[in-house]
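Numbering (the numbering used here), first residue to last: 1 to 619.
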């Protein structure tokens, strides 16, 4: 096995580069390394996602920190990973042969907290999975275009496409989307000049030298030559993805009249909500209100990103204020909030952006525990400052976990609801009445502030968090970032502009990425890019020159130059910038970024301990 290069991707991820070409041998090398790192069970590793010629490893720096030397988690983990890679090199490429590429079974690939992760190995005797395909017609509207480009008949294209054996190089772009190697060069076809906004689920397509299958309806620019009735991804199935990295695949033509034969869901994940519990009814949903908790870890190899809160600190603080675990399910509210009816007494907290919050015409304060009476209607209006507010309810919102998390990935349609909230939705809480509710009512009755307790719908604690210590939505604050892997490929003017000019948040920014407009950046020369791992905070540069900073719903891989990496502690600040707001970058280094991240996590842990005492002892 050839040498591999380990480089940081910010302070919470490593990128293991195995080569600079797309071919089966290099891809097998990447899969072998991912397989070996997974088997090693390194502490703190959250996700391992192989790509064409690289492996992205996401981790918790706290697992590799040392009290006497806090700026070395990345160095320590990189050394451990490099030792694993060197052991493979010494073994002369064990497990990296073209016929023996490791193959994921589809289970989670993080080392913690599930060390029993299973990864199987494809053998020479294992048969390739056969994919039935309806070619041409409505199922394959671009078959004629591919045939014309190849100078072949439609029948010859189908024969050529079904004659080859393919290997799944990686899953990315969307959960379960396979990128297949092995396409006959005669069928190599450029992508469409005008991508489609909607490509049907199951579409079999060709893009350049690759072929792939769309797992669900998605936008796309590949040439569609057919459609399979198989369901490539189902989060309620085990494993959720039909295909896995390293797997061998063949296509088989079937008639258009063939019956649908979708793979059935076999195992559901998590537990369904119990509808006999307290509920919150959504009267109106607001602009974009989603259920968010902790990020989704362990399924990056299947193209599943982390999602979770855009402002993870505000989410955690809202949960801590009502006694929840930091990553409990809560509501993320964007720009304009929902109107909610509570069928039970509820202890809530609102953090993040300064949203106009009223309950039955009473003002609802932020950054403190607040008790709402049963039957109350909470109206969350527009944001006076910031973009995203968080509403936590004591004991959390009770939704079944999907792939280990209750968070909603809007772009991938993943999560218990698979979408933002809609009018008529009912959210169920884990407990009908939190034990702190009675204490707060009694305290209010003993020390009435404004009115008789029994006539009020809102009762707030007399203490609150100092919002200024945790929240800053002002556009004047610079966003710290590291120079990315391809920063040196920017021309000198663009290098200066990246860390000196003023950008503005684009109107089409979303939970996937923040479009940074106002300054066009340029490379010294085009780069032949191979899709590789990306994480929230990665700043990519598409051909148009407008940078995009990836955020919570970042894909697992990207094919544009990585010019910068926003530090983790500043991602919440970027999440609070609204369209038109100013963004300025300040350059820092990895040691500083990791030090600040560890300091923030220690501060949150200290606050958590303090709040648990405060909630238990005093109002």
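Idealized CB from N, CA, C, for every residue including glycine.
Tell me whether the beta-carbon of residue i lies closer than 8 Å to the beta-carbon of residue j.
i: residue 287; j: residue 351; result: no
i: residue 168; j: residue 243; result: yes
i: residue 253; j: residue 133; result: yes
i: residue 56; j: residue 300; result: yes
i: residue 460; j: residue 566; result: no
i: residue 396; j: residue 346; result: no
i: residue 164; j: residue 142; result: no
i: residue 578; j: residue 519; result: no
i: residue 217; j: residue 240; result: no
i: residue 470; j: residue 317; result: yes
i: residue 285; j: residue 63; result: no
i: residue 490; j: residue 521; result: yes
i: residue 219; j: residue 198; result: yes
i: residue 475; j: residue 354; result: no
i: residue 8; j: residue 598; result: no
i: residue 166; j: residue 228; result: no
i: residue 367; j: residue 467; result: yes
With which residues is residue i paired in a DSSP beta bridge?
i: residue 299; result: Beta-bridge pairing links residue 299 to no other residue.
i: residue 170; result: 179
i: residue 152; result: DSSP, once it has assigned bridges, lists no residue as partnering residue 152.
i: residue 228; result: DSSP, once it has assigned bridges, lists no residue as partnering residue 228.
i: residue 287; result: Note: residue 287 sits in no beta bridge, so no partner.
i: residue 390; result: 332 and 351
i: residue 625; result: Outside the modelled stretch of the chain, which goes from 1 to 619, sits residue 625, for which no answer is possible.
i: residue 505; result: 516
i: residue 533; result: 557
i: residue 397; result: 429
i: residue 17; result: 5 and 54
i: residue 339; result: 284 and 379
i: residue 218; result: 199
i: residue 130; result: 250
i: residue 414; result: 409
i: residue 212; result: 179 and 205
i: residue 602; result: In the DSSP output, where bridge partners are listed per residue, residue 602 has none listed.
i: residue 279; result: 428
i: residue 362; result: 359
i: residue 135; result: 226
Could you tell me which of the options sits nearest to residue i, measuring between CA atoms?
i: residue 42; options: 27, 79, 427 and 547; result: 79
i: residue 290; options: 225, 415, 381 and 173; result: 415
i: residue 584; options: 141, 564, 11 and 601; result: 564
i: residue 559; options: 179, 10 and 38; result: 179
i: residue 11; options: 236, 473, 155 and 483; result: 483
i: residue 315; options: 464, 330, 542 and 223; result: 330
i: residue 458; options: 429, 278, 521 and 344; result: 344
i: residue 338; options: 319, 326 and 358; result: 358
i: residue 336; options: 391, 466 and 368; result: 391
i: residue 607; options: 182, 326 and 370; result: 326
i: residue 136; options: 157, 213, 192 and 545; result: 157
i: residue 17; options: 593, 485 and 609; result: 485
i: residue 195; options: 181, 186, 503 and 206; result: 206
What are the start and end residues of the beta strand (DSSP E) that includes residue i?
i: residue 428; result: 426 to 428
i: residue 196; result: 196 to 199
i: residue 54; result: 54 to 59
i: residue 250; result: 248 to 253
i: residue 523; result: Residue 523 -> no beta strand (DSSP E), and no H or E assigned at all.
i: residue 562; result: 562 to 566
i: residue 372; result: 370 to 372
i: residue 623; result: Since the first and last residues shown for the chain are 1 and 619, residue 623 lies out of range.
i: residue 482; result: 479 to 483
i: residue 304; result: Element bounds for residue 304: n/a, residue is neither H nor E.
i: residue 620; result: Given a span of 1 to 619 for the chain in the structure shown, any question on residue 620 remains unanswerable.
i: residue 538; result: 538 to 540
I need the boundaries of the alpha helix (DSSP H) containing residue i, first residue and last residue.
i: residue 28; result: 24 to 40
i: residue 571; result: 571 to 575
i: residue 84; result: 73 to 90
i: residue 315; result: 312 to 321
i: residue 418; result: Run containing residue 418: none; DSSP gives neither H nor E here.
i: residue 456; result: That residue, residue 456, is in no alpha helix (DSSP H); it is neither H nor E in DSSP.
i: residue 497; result: 492 to 498
Check whether the region 502 to 515 touches the region 525 to 534, counting contact only when three or more Cβ pairs, one atom from each stretch, lie closer than 8 Å. Flag = no, the region 502 to 515 and the region 525 to 534 do not touch.
For the region 137 to 154 against the region 231 to 246, do three or more pairs of beta-carbon atoms, one drawn from each stretch, fall closer than 8 Å, so that the two count as touching? Under the three-pair Cβ rule at 8 Å, the region 137 to 154 does not count as touching the region 231 to 246.
Counting beta carbon pairs with one atom in the region 45 to 63 and one in the region 22 to 32, are three or more of them shorter than 8 Å? Result yes; three or more Cβ-Cβ pairs closer than 8 Å.
Counting Cβ pairs closer than 8 Å, one from the region 401 to 411 and one from the region 359 to 377, do we hit at least three? Too few Cβ pairs lie closer than 8 Å, so no.
Could you tell me whether the region 554 to 561 touches the region 571 to 583, where touching means 3 or more Cβ pairs closer than 8 Å? Two segments are said to touch when three or more pairs of C-beta atoms, one from each, lie closer than 8 Å; by this definition the region 554 to 561 does not touch the region 571 to 583.
Would you call the region 307 to 324 in contact with the region 371 to 384, where contact means no fewer than 3 C-beta pairs closer than 8 Å? Below 8 Å, too few C-beta pairs join the region 307 to 324 and the region 371 to 384 to call them touching: fewer than three.
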